[in-house]
Every structure is written in structure tokens, then in C-alpha cells.
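K.L.:
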DNA sequence: CTCCAGTGTTATATGTCGTAACGAAAGTTA
DNA sequence: TAACTTTCGTTACGACATATAACACTGGAG
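Chains as they are written, first to last, in UniProt numbering: chain A, 1 to 243; chain B, 1 to 243.
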């Protein structure tokens with residue numbers, strides 16, 4: 001039972017191969033759609049034989065999971081960069097920038113974004129809690145949540161009274177607040193989540209082509225949503241910079 | 001070149017087999033997830049050999065398309081029944097009933113609903129315009145649109161001025177209005193679509209488990225959305241009947 | 001040098017989609 | 001009745017997929 005500690009050099013080589021596999025899978029996704037991402041195709045593309053890939057990912061599903069995790073991380077990074085492009089004194093501007101960065105990334109990477117919420121693998125189960133993909137998804141959500149926390153702590157704005165919420169929502173938000181140790185009161189959490197649902201929902205439908213029958217360009221609709229969001233959270237809306 | 005006119009009896013037998021294939025595919029979808037729906041599995045389940053199915057559906061994709069078309073039709077029928085359960089004098093109540101029927105059907109048929117907007121087949125292309133699946137999807141949307149038309153024609157309610165909309169939305173709504181010969185003015189169309197996006201977007205996210213991290217029961221959130229919808233369209237909100 | 005974990009290979013089992021080639025049944029027509 | 005055509009089913013097959021098994025090579029650790 002040697003349990004030999006692999007040298008750091010060997011480790012890095014392995015990481016590089018893992019990365020190349022994911023990158024290749026991603027290219028296949030973009031070029032040939034979801035059906036084009038097969039273990040064998042990835043192997044061929046890299047010049048190795050099929051079973052070699054299984055040294056790195058235990059199954060097709062595991063590979064897909066890892067690739068999706070990459071997507072979440074890239075999207076999160078992009079959004080954080082957009083946030084940090086604005087001055088901290090203008091949290092509203094930073095939030096708008098973050099939202100627009102999310103949509104821009106999604107538009108620029110429709111295949112990737114499509115997989116993130118419509119991958120055939122996750123539909124049921126997959127609540128392993130410890131899966132890296134779930135962790136990455138939570139980091140993604142956190143980009144928004146943290147900014148709302150920031151907004152709230154700088155200057156609490158009026159939200160509907162807790163007592164006016166339906167009892168079921170009261171319970172769920174109290175639970176969620178406790179579960180995530182959020183400093184936000186439950187009623188503010190619900191307002192935040194409502195805004196987030198509207199934005200993210202719109203984006204999902206856009207990317208999944210559920211609105212093509214009526215709209216050809218949803219950018220102004222997205223901006224309208226941002227205006228509503230600003231109105232609800234006591235922010236001053238600013239149109240996108242013309243760059 | 002006989003071009004023999006098959007007897008009606010033969011035609012009916014064929015229709016029955018077509019139906020049984022789709023029904024079997026649907027059962028496999030529910031029991032074993034999207035990956036469980038294979039041509040061979042359907043054939044096995046029906047006690048016939050694989051290639052026999054190809055006498056009825058030219059490809060796996062064609063079968064999936066047909067099954068999804070069934071789903072749209074069933075959902076449309078369910079919603080129409082809910083609409084007609086209320087008296088025509090109460091168009092608001094009928095609209096609420098329709099919306100709730102949509103959500104109920106989706107909750108009761110998550111696999112089916114998941115396929116309808118996240119089927120791997122449609123992501124790109126598939127704008128054949130004449131595909132039965134697209135037609136069924138349009139019928140589904142029409143259930144809402146017609147009721148809004150009805151509401152509007154009974155009593156036009158205030159909507160934002162056309163001139164206040166972003167020019168891009170002005171153009172898109174004018175196009176859409178002309179394309180569908182809608183009696184609604186473009187600004188009313190946009191308001192209708194905005195409401196529809198919020199409702200349908202919420203439902204998509206719920207079924208795709210994008211909101212599990214915060215909510216365990218989205219029914220009250222859906223109801224909140226319905227309240228907003230009523231407020232925007234000059235309707236009196238009524239809570240769901242306790243049945 | 002020896003050992004062995006890590007990485008690659010080929011061969012194989014099983015299953016998929018889809019086509020080809022063939023046979024049986026049933027209806028149409030002479 | 002006999003011949004023909006269409007429809008529907010079958011088996012056989014090819015290409016490809018996931019995944020495992022068995023084997024060979026390599027290079028760092030001791």
C-alpha cells in the first residue's frame with residue numbers, strides 16, 4: 001500500500017490534462033451541440049484513445065459536471081470583474097454592471113449557458129450538497145446576494161412588512177435566512193429573490209429561444225427589467241454605457 | 001405506381017400504433033428520465049423489434065418532436081378547460097384559473113414540462129415554421145393571448161404610451177402585431193408579453209430546480225406574480241378556490 | 001537498480017441509432 | 001381465383017457510444 005505522494009510536477013501535469021479535456025469538451029459543445037460531446041470524441045480530438053479519458057473522469061456524466069462547473073466559475077469571474085469595474089461608492093452602478101455582464105456572457109456563450117440549467121444530467125436528484133457544481137452555482141448566486149447585502153447595509157430601503165407576506169413565504173425566507181446566515185431580514189431576502197427571479201428567468205427564456213416568436217432582440221426588455229429592479233431597491237437606473 | 005388509397009380501417013390502425021409509441025415513450029420519460037427514451041427501449045416495451053418503430057417515426061428526433069407536440073396539446077387542452085370552468089362574464093377569474101392550471105400541469109408533469117423547453121433537439125435551428133411542434137407551441141401561447149385580447153376589447157385599460165417605449169421595442173411589437181394580425185396595439189402587446197414572461201419564466205425556473213436553494217414551495221410566489229399581473233391589467237385578484 | 005503508481009494502449013461487452021434485405025399478411029385489381 | 005402492391009414486421013448488419021478488463025510503458029521514489 002505505497003500511497004506514494006505524487007510529486008508536484010506530476011500533479012500539475014495531471015491538472016493540465018484535466019483542463020485540456022474540459023476545454024476540448026467545451027469546444028465540441030460549441031461546435032457540434034450537446035450531442036457532440038462524447039467521451040470518444042473528446043479523446044479523438046486530443047489524439048488519444050477513448051478509454052484514456054476514463055483515467056481522468058470516471059464517467060461521461062462526471063465530465064459534463066466538471067465542464068458545467070467551469071462555466072459557473074467563468075460566469076462568476078466575469079460578473080465579479082464587471083462589478084469591480086465600477087467604483088464602490090456607486091453600488092447601484094456596480095449592480096447594473098453585474099447584471100449586464102451576466103446577460104452578455106450568456107448571449108456570447110449560449111451553448112454553455114444552455115447546459116448550465118438544462119443539462120440532461122441534473123434534472124432529478126443531484127442534490128449531493130457537496131458536488132463542486134452545486135458549490136459553483138452557489139458562488140454564482142452569491143455574486144448577487146452579496147451586493148444586495150451591501151446595498152441593504154449601506155442604506156436600508158423600504159420593503160413590504162414581514163407580516164404582510166404569505167405565511168408560507170415567511171417560513172421559507174426565515175429558513176433560508178437562517179440556513180445561509182444572512183444578515184438580511186427575511187422580507188428583504190424575498191424582495192431580492194423576486195428581483196433575481198425576474199432577471200434570471202427572462203434570461204433563461206431568451207437563451208432557450210422561448211421568446212423568439214415575439215422578440216428578436218431582448219436587450220431593451222432586459223433593460224426594462226433592470227429599471228424595475230432599480231425602482232424596487234431604491235437605486236437610480238443608469239442606461240448602459242455606450243462604450 | 002399504384003398509389004393505393006389505404007382503407008380507413010388501415011389508417012386507424014396506424015394511428016393507434018403511432019399513439020401507442022408516443023404513449024410508451026412518455027412513460028419511459030417519466031420512469032427513467034430523458035436518457036431512458038430510446039427507440040429500442042420503446043420497441044422492447046411494446047414487444048416489437050427495434051427497427052419496426054422506424055416504420056412509424058423516421059428518427060429518434062422525430063419521435064421526440066411528436067411526443068413534445070402531444071405535451072403542448074395536452075397542456076393547451078388543460079388550460080382551455082380551466083378557462084371554460086369559469087363564467088365568461090368574469091374574464092379575470094378565467095385568466096387566473098388558466099394560469100394556475102398551467103402551473104398545476106407543470107408540477108404534475110415535470111418530466112414532460114422539462115422536455116418542452118429544454119429538449120436537446122431544438123436548441124438551435126428547428127425554425128421550420130411548419131413543424132407541428134411549433135404549431136402546438138403557438139396554440140399554447142394563443143390561450144393566453146386570446147384572453148388578453150378579450151380583456152382589452154371588453155374594456156381597454158391604461159398602458160404606457162407607445163412613444164414612451166424604447167424604439168427597439170416599438171419596432172418589434174409593431175412587427176409582431178402585424179405578423180399575427182393582432183387587434184391589440186403594440187404597447188398593449190408588450191405589456192401582455194411582459195406579464196407572460198414573468199409567469200412563464202418563474203415556472204421554468206421552478207421546474208428546472210433553479211430556485212430550490214431558497215424556496216421549497218413556490219406556490220405563494222406564483223400567486224404573488226398573479227397579483228402583480230392583475231394589478232397591471234386592471235383585474236381584481238382572487239385567491240385560488242380552496243376546493 | 002527495483003518497484004510501482006500513473007498513463008496509455010488494445011480488446012471486449014453491451015447498448016444505441018439507423019439501414020438493408022427479406023418475409024408474411026392483407027387489400028386491390030384483373 | 002390469381003397476381004400484384006402496400007404495409008408491417010422480422011433478422012442481420014455497420015457505425016458509434018459508454019465503460020471495463022487486461023496489458024505495456026514510463027518515470028520518479030526509495
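Here a beta-carbon is modelled for each residue, glycine too, at the ideal position from N, C-alpha and C. Quantities reported herein were computed from a predicted structural model and do not represent experimental measurements.
For the UniProt domain "HTH tetR-type" (15-75) of chain A, which residues have a CB atom closer than 8 angstroms to at least one CB atom of chain B, in sequence order?
P.N.:
Those residues of the UniProt domain "HTH tetR-type" (15-75) of chain A that come within reach of chain B (Cβ to Cβ, closer than 8 angstroms) are 33, 34, 35.
K.L.:
With DSSP collapsed to three states, give me the class of residue 12 (chain B).
P.N.:
If you number the second chain from 1, residue 12 (chain B) lands on position 12. DSSP places residue 12 (chain B) in helix when its eight states are reduced to three.
K.L.:
Excluding the 5 residues preceding and the 5 following residue 207 (chain B) in the sequence, name in chain order all residues of the same chain whose CB lies nearer than 7 angstroms to its CB.
P.N.:
Counted from its first residue, the second chain places residue 207 (chain B) at position 207. Same-chain partners within the cutoff: 106, 110, 113, 114.
K.L.:
Using C-beta distances below 7 angstroms, list every residue in its chain close to residue 157 (chain B), excluding the 5 sequence neighbours before and after it, in chain order.
P.N.:
Mapped onto the second chain, residue 157 (chain B) falls at position 157. So the list reads 233, 234, once near-sequence residues are dropped.
K.L.:
Going by other Cβ atoms of all chains shown within 10 Å of its Cβ, with 16 needed for buried, is residue 11 (chain B) buried or exposed?
P.N.:
The residue you call residue 11 (chain B) lines up with position 11 of the second chain. Residue 11 (chain B) counts as exposed, since fewer than 16 other C-beta atoms from the protein chains shown sit within 10 angstroms of its C-beta.
K.L.:
Quick check: residue 103 (chain A) and residue 28 (chain A), are their CB atoms within less than 8 angstroms of each other?
P.N.:
Within the first chain, residue 103 (chain A) is the residue found at index 103, counting from 1. Within the first chain, residue 28 (chain A) is the residue found at index 28, counting from 1. Using a Cβ distance threshold of 8 angstroms, residue 103 (chain A) and residue 28 (chain A) do not count as a contacting pair.
K.L.:
Alpha carbon to alpha carbon, what distance is there between residue 72 (chain A) and residue 136 (chain A)?
P.N.:
Taking the first chain and counting its residues from 1, the one referred to as residue 136 (chain A) is at position 136. Taking the first chain and counting its residues from 1, the one referred to as residue 72 (chain A) is at position 72. One C-alpha to the other measures close to 6 angstroms.
K.L.:
Going by beta carbon distance, what residues of the same chain come within less than 8 angstroms of residue 236 (chain B), once the five residues before and after it are set aside?
P.N.:
In the second chain, residue 236 (chain B) corresponds to position 236, counting from 1. Same-chain partners within the cutoff: 92, 230.
K.L.:
Whose Cβ in chain B lies nearer than 8 angstroms to the Cβ of residue 168 (chain A)?
P.N.:
Residue mapping note: residue 168 (chain A) aligns to position 168 of the first chain, counting from 1. Those within 8 angstroms of residue 168 (chain A) in chain B are 217, 219, 220.
K.L.:
Within the 8 angstroms Cβ cut-off, does residue 141 (chain B) reach chain A?
P.N.:
Residue numbering aside, residue 141 (chain B) sits at position 141 when the second chain is read from its first letter. Yes, because at least one Cβ of chain A sits closer than 8 angstroms to the Cβ of residue 141 (chain B).
K.L.:
Using 8 angstroms as the threshold, is the stretch 57-66 of chain B in touch with the stretch 32-39 of chain B, meaning 3 or more CB pairs across them?
P.N.:
yes
K.L.:
Residues in the stretch 190-201 of chain A with C-beta within 8 angstroms of chain B's C-beta atoms, listed in sequence order?
P.N.:
Here the close residues are 193, 194, 197, 198, 200, 201.
K.L.:
For residue 226 (chain B), collect the residues of the same chain with a Cβ closer than 7 angstroms to its Cβ; drop the 5 residues on either side in sequence, then sort them by chain order.
P.N.:
Start at 1 with the first residue of the second chain, and residue 226 (chain B) comes out as number 226. Counting only Cβ-Cβ distances below 7 angstroms, and skipping sequence neighbours, we find 96, 99, 237.
K.L.:
Under 9 angstroms Cβ-Cβ, which residues of chain B neighbour residue 136 (chain A)?
P.N.:
To locate residue 136 (chain A), count along the first chain from 1; it is residue 136. Going along chain B, no residue has its Cβ under 9 angstroms from residue 136 (chain A), so there is no contact; the nearest lies around 13 angstroms.
K.L.:
Please go through the same chain and pick out, in chain order, the residues whose beta-carbon is closer than 8 angstroms to the beta-carbon of residue 218 (chain B), but skip the five residues on each side of it.
P.N.:
Position 218 of the second chain, counted from the first residue, corresponds to residue 218 (chain B). Excluding residues within five positions, the ones whose Cβ falls inside 8 angstroms are 202, 206, 211.
K.L.:
Measuring straight from C-alpha to C-alpha, what distance separates residue 154 (chain A) and residue 144 (chain B)?
P.N.:
Position 154 of the first chain, counted from the first residue, corresponds to residue 154 (chain A). Position 144 of the second chain, counted from the first residue, corresponds to residue 144 (chain B). If I take the Cα positions, the gap works out to 42 angstroms.
K.L.:
What's the gap between the Cα of residue 196 (chain B) and the Cα of residue 186 (chain B)?
P.N.:
On the second chain, position 196 is the one that residue 196 (chain B) refers to. On the second chain, position 186 is the one that residue 186 (chain B) refers to. Cα-Cα distance, rounded: 15 angstroms.
K.L.:
Starting from residue 117 (chain B), find everything on chain A with Cβ-Cβ shorter than 9 angstroms and list it in chain order.
P.N.:
Numbered from 1 along the second chain, position 117 holds the residue referred to as residue 117 (chain B). In chain order: 118, 204, 205, 208, 209, 210.
K.L.:
Determine, for residue 214 (chain B), whether the minimum Cβ-Cβ distance to residues of chain A falls below 8 angstroms.
P.N.:
On the second chain, position 214 is the one that residue 214 (chain B) refers to. For residue 214 (chain B), the answer is yes, since a Cβ of chain A falls inside 8 angstroms of its Cβ.
K.L.:
Please state the DSSP three-state secondary structure of residue 32 (chain B).
P.N.:
Along the second chain, read from residue 1 onward, the residue named residue 32 (chain B) stands at position 32. Under the three-state reduction of DSSP, residue 32 (chain B) is assigned to helix.
K.L.:
Can you check which of these residues, B:79, B:20, B:84, is closest to residue 57 (chain B) by C-alpha distance?
P.N.:
Numbered from 1 along the second chain, position 57 holds the residue referred to as residue 57 (chain B). When each option's Cα is compared against that of residue 57 (chain B), the closest is B:20.
K.L.:
What residues of chain A sit near residue 237 (chain B), judged by a beta carbon separation below 7 angstroms?
P.N.:
Walking along the second chain from the start, residue 237 (chain B) turns up at place 237. Residues of chain A with a Cβ closer than 7 angstroms to the Cβ of residue 237 (chain B) do not exist; the shortest Cβ-Cβ separation is about 13 angstroms.
K.L.:
Going by other Cβ atoms of all chains shown within 10 Å of its Cβ, with 16 needed for buried, is residue 198 (chain A) buried or exposed?
P.N.:
Residue numbering aside, residue 198 (chain A) sits at position 198 when the first chain is read from its first letter. Buried, because 16 or more other Cβ atoms sit within 10 Å of the Cβ of residue 198 (chain A).
K.L.:
Quick check: the Cα distance between residue 134 (chain A) and residue 147 (chain A), rounded to an integer number of angstroms?
P.N.:
Residue mapping note: residue 134 (chain A) aligns to position 134 of the first chain, counting from 1. Residue mapping note: residue 147 (chain A) aligns to position 147 of the first chain, counting from 1. Annotation: residue 134 (chain A) to residue 147 (chain A) spans about 20 angstroms, alpha carbon to alpha carbon.
K.L.:
For residue 90 (chain B), which residues from the same chain have a beta carbon less than 7 angstroms from its beta carbon, with the 5 sequence-adjacent residues on both sides left out?
P.N.:
In the second chain, counting from the first residue as 1, residue 90 (chain B) sits at position 90. Counting only Cβ-Cβ distances below 7 angstroms, and skipping sequence neighbours, we find nothing.
K.L.:
For the stretch 175-191 of chain B, enumerate the residues whose C-beta is nearer than 7 angstroms to any C-beta of chain A, in chain order.
P.N.:
176
K.L.:
Residues of chain B with CB under 8 angstroms from residue 320 (chain A), in chain order?
P.N.:
Lying outside 1 to 243, the shown extent of chain A, residue 320 (chain A) is not represented and no answer is given.
K.L.:
Tell me whether residue 70 (chain A) is buried or exposed, calling it buried when 16 or more other Cβ atoms sit within 10 Å of its Cβ.
P.N.:
Within the first chain, the letter at position 70 stands for residue 70 (chain A). The residue in question, residue 70 (chain A), is buried, as its Cβ has 16 or more Cβ neighbours within 10 Å.
K.L.:
With the cut-off set at 8 angstroms, would you say residue 139 (chain B) and residue 215 (chain A) are in Cβ contact?
P.N.:
Reading the second chain from its first residue, position 139 is the one you call residue 139 (chain B). Reading the first chain from its first residue, position 215 is the one you call residue 215 (chain A). Contact: no.
K.L.:
How long is the line joining the alpha carbons of residue 179 (chain B) and residue 43 (chain A), rounded to whole angstroms?
P.N.:
Along the second chain, one-based indexing puts residue 179 (chain B) at 179. Along the first chain, one-based indexing puts residue 43 (chain A) at 43. C-alpha of residue 179 (chain B) to C-alpha of residue 43 (chain A): approximately 48 angstroms in a straight line.
K.L.:
Going by C-alpha distance, which of A:221, A:228, A:240, A:194 is nearest residue 221 (chain B)?
P.N.:
In the second chain, the residue the question calls residue 221 (chain B) occupies position 221. Considering only alpha carbons, the answer is A:194.
K.L.:
Quick check: the Cα distance between residue 189 (chain B) and residue 228 (chain B), rounded to an integer number of angstroms?
P.N.:
Position 189 of the second chain, counting from 1, holds the residue named residue 189 (chain B). Position 228 of the second chain, counting from 1, holds the residue named residue 228 (chain B). Rounded to whole angstroms, residue 189 (chain B) to residue 228 (chain B) spans 17 angstroms at the Cα level.
K.L.:
In whole angstroms, what is the alpha-carbon distance linking residue 78 (chain B) and residue 170 (chain A)?
P.N.:
Within the second chain, the letter at position 78 stands for residue 78 (chain B). Within the first chain, the letter at position 170 stands for residue 170 (chain A). Distance between the alpha carbons of residue 78 (chain B) and residue 170 (chain A) is about 32 angstroms.
K.L.:
Given this structure, state the Cα-to-Cα distance separating residue 59 (chain A) from residue 174 (chain A), to the nearest angstrom.
P.N.:
In the first chain, residue 59 (chain A) corresponds to position 59, counting from 1. In the first chain, residue 174 (chain A) corresponds to position 174, counting from 1. Answer to the nearest angstrom: the Cα atoms are 39 angstroms apart.
K.L.:
I want to see whether chain A comes within less than 8 angstroms of residue 147 (chain B), judged by CB atoms only; does it?
P.N.:
To locate residue 147 (chain B), count along the second chain from 1; it is residue 147. For residue 147 (chain B), the answer is no, since every Cβ of chain A falls outside 8 angstroms of its Cβ.
K.L.:
So, helix, strand or coil for residue 130 (chain B), using DSSP?
P.N.:
By one-based count along the second chain, residue 130 (chain B) stands at place 130. Correct three-state label for residue 130 (chain B): coil.
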